[in-house]
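Trainee: Structure incoming, see below.
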Amino acid sequence: MRLNLDEVTVGYKRVPVLKDVSCSLNAGEVLCILGPNGSGKTTLFKTIMKLKQPITGVISIDGDDISSWPFDKIAGNIGYIPQNYIPVFPYMALEMVLMGRTPRLGMWSIPKAKDIEVAMESMRTLNILHLKDKAFTKISGGERQLVLIARAIAQRTKLLIMDEPTNNLDFGNQALILNQIKKLSQKGMAVIMATHVPEHAFLYADKVLMVKDGDVLAYGKSKDVLSEENLIKLYGVNLKLMPVASDKYPSFKVCIPGVV
Amino acid sequence: MDIKINETNNKNLMSIRHTHIKKKFTFLTTIFAIVFVTSFTVGRYPLTIKQLLDFLIFRFFDVSKDLPDVIETVIMNLRLPRILAAVLVGSSLAASGAAYQGIFKNPLASPDVLGASAGAAFGASLAIYFSFNHYGIQLLAFIFGIVSVMLAFTISQRIRTDSAVALVLTGMLVGTLFSSAISLIKYVADPFDKLPAITFWLMGSLSGMSIRSVKFACIPILISLTVLYFMRWQINVLSLGDEEAKTLGVNTERLRLIIIICSTILTATSVCISGVIGWIGLVIPNLARLLVGSNYVYLLPATMVMGGTFLLVVDCVSRGLFPVEVPLGILTAFIGAPFFIILLYKGWRE
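Heads up: the protein sequence lines correspond to chains U and A, in order. Under the numbering used here, the first sequence has 347 at position 54, and the numbering climbs by one with no breaks. Under the numbering used here, the second sequence has 365 at position 338, and the numbering climbs by one with no breaks.
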């Protein structure tokens, strides 16, 4: 699996929101997208999912331009987890996970026993099988996020896009979600995620894309891109990176804002 | 919390849930069967279960058996068409309500909200005004039902806002437009002949149902119900919202169109054989949701069975409880409105 974005410009009604994004992602890699609110991260994701057409540029998977792909083929290749998402009807968690099997079902059929097996298996992978008969609308934000990740696993795609997966979660749930993402990438899944926390990029990203005011500020390997200079430019505040070495994360740094 | 569950437990968990649902369906179909049989006995000419059995034996096994003609007439010409029509119309209105609710992500949606009922009623009123025959009434009701939904749908597509809310709003506008048009027809209609016919028909009734009307209605109704039944998983996914459904591989525009067409055929056909019977499309799907959950795999069949049962009961009440037959639309409103207020208080979100 290899995703390629070649000078992609995205926006609404031909007014660009984010210009000239070029990046690539291989199986097992995690790409973190950092950028202030309104910098076009969600618009970029929606364009990759074909919910919007790119204004210019080509998005391809394994060299194949996806602009001509129907929705079921897109869904067979890319899993997408939107921000803060709550449906109107109180589906059970297991039913939500089962929805991930839809691209593999015919238009006229319902999930079979095997699909239910797959859905339960992916819930078990995340240790959330006990949630299966609970209403998705009634469980906590962290649990909802885990159920949606389980849905993406049940979807059996090689690429997963997550729009701020740790938004509105407490510290423990953030760590839980990010560790699961890390595990998925170690199993070969390519992951793109937007985040507002630079430390998350230090901990989990192989590549980083920084976007600001409609332009790409920096793109590359995380250790090259995540510099004090770039982060100051990105967020427009003074900050300092303090190295905190550990065995597991030898290059981890803490980002302390407001220090001169 | 780390819960480890092995394969066998896993299967048990699945089957527990499955038997749970199965029991509920056994319950629903048993009630339906009881109501179906009992409803043959209710009416101006009451029958006993024994007379009913005698008739069945006479009809299918022992032709020599002596039976008064009036019983055959009552059962075959009066009760049977009426009962079949009640089941068809009840299931149709309930199923179309459930489908509309799913695709518009709105538990308060129903055939009435989309303007489908009003459009079909206008078409039928127009046909009655011009003294069209039976087929003409059915045809015009269907055409204007589709026209009103398509009108609401097309206008909502051009409004740049949340498409689900826009559709409900434009549906209400189109509905109001057609209701006014019906008033206009009533205003100019012959007050001794056409006006009572239109007015009484609009209130909804299954009396005077013929087996020919039932045959005419059952083909479009059965086809549409079958299509909805086989697409019920896709309705689940569509109810998550357009973007969400697309990222799960659903061609939302095409699916929504198919479901709108089927639901509108159900509504229009119901309206032309029985007039406007409100509330079923709103109340029954929500009641079914409380019973079997939100998953359309179970919700849609439950809605069909419950809708048929409900209208059978209401029709029995209409012809059995009062000295004069009360129009069905009035009864469903009397039952539906208070019931719905209770639903709202208890909170269908629970």
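Idealized CB from N, CA, C, for every residue including glycine. Remember, it's a predicted structure, so these values are computed and weren't measured experimentally.
(1) Count the other C-beta atoms from every protein chain shown that fall within 10 angstroms of the C-beta of A/E377, then say buried if there are 16 or more, exposed otherwise.
(2) What residues from the stretch 488-514 of chain U come within 7 Å of chain A, judged by C-beta to C-beta, listed N to C?
(3) With contact counted as at least three CB pairs below 8 Å, one residue from each stretch, are the stretch 106-125 of chain A and the stretch 203-210 of chain A in contact?
(4) Should A/F257 be flagged as near chain U, meaning a C-beta pair shorter than 8 Å?
(5) Output, in sequence order along the chain, the residues in the stretch 306-327 of chain A whose CB is closer than 8 Å to any CB in chain U.
(6) With a threshold of 8 Å between beta-carbons, can U/W362 be considered close to chain A, or not?
(7) Buried or exposed: which applies to A/D220, given that a residue is buried once 16 or more other Cβ atoms fall within 10 Å of its Cβ?
(8) DSSP three-state label for U/D426, please.
(9) Starting from the Cα of U/A320, find the closest Cα among U/T335, U/I326, U/L477 and give me that residue.
(10) At a Cβ cut of 9 Å, what residues of the stretch 343-369 of chain U count as close to chain A, listed as they run along the chain?
(11) Classify U/G551 as buried or exposed, calling it buried when 16 or more other Cβ atoms lie within 10 Å of its own Cβ.
(12) How about U/P329 and U/Y528: are their beta carbons less than 8 Å apart?
(13) Output, in chain order, the set of chain U residues within a Cβ distance shorter than 9 Å of A/E352.
(14) Thinking C-alpha only, which one of A/E280, A/T53, A/V176, A/A216 is nearest A/I262?
(15) Between the alpha carbons of A/T296 and U/W362, how many angstroms are there, rounded?
(16) Which chain U residues are close to A/P223, counting only those with a beta carbon under 8 Å from its beta carbon?
(17) When you compare only the Cα positions, how much space is there between U/Y497 and U/R417?
(18) Using a Cβ-Cβ cut-off of less than 8 Å, list which residues of the stretch 389-402 of chain U approach chain A; keep chain order.
(19) Helix, strand or coil, according to DSSP, for U/Y384 in the structure here?
(20) By Cβ distance below 6 Å, which residues in the same chain neighbour U/F464 in space, the five residues on each side in sequence not counted?
(21) By the three-class DSSP mapping on this structure, what secondary structure does U/E322 have?
(22) Rounded to whole angstroms, how far is the Cβ of U/V303 from the Cβ of U/L311, which I believe are closer than 8 Å?
(23) Taking U/P404 as the reference, give the member of U/K427, U/Q448, U/V509 with the closest Cα.
(24) Beta carbon of A/I48, beta carbon of A/V319: below 8 Å?
Mentor: Put simply:
(1) Low confidence applies here, because A/E377 scores a pLDDT of 46, under 50, leaving its location unreliable; read the following figure in that light. Its Cβ having fewer than 16 others within 10 Å, A/E377 is exposed.
(2) none
(3) Verdict: no, contact absent.
(4) yes
(5) R316, G320, S321, N322, V324
(6) no
(7) A/D220 comes out exposed.
(8) coil
(9) U/L477
(10) Residues K343, L344, P363, F364, D365, K366, I367, A368, G369.
(11) exposed
(12) yes
(13) Per Cβ cutoff of 9 Å: no residues; A/E352 is ~38 Å from chain U at best.
(14) A/E280
(15) 38 Å
(16) Within chain U, no residue comes near A/P223; the closest Cβ sits about 43 Å away, beyond 8 Å.
(17) Spanning the alpha carbons of U/Y497 and U/R417 requires a straight line of approximately 23 Å.
(18) M392, G393, T395, P396, L398, M400, W401, S402
(19) coil
(20) none
(21) coil
(22) 5 Å
(23) U/Q448
(24) yes
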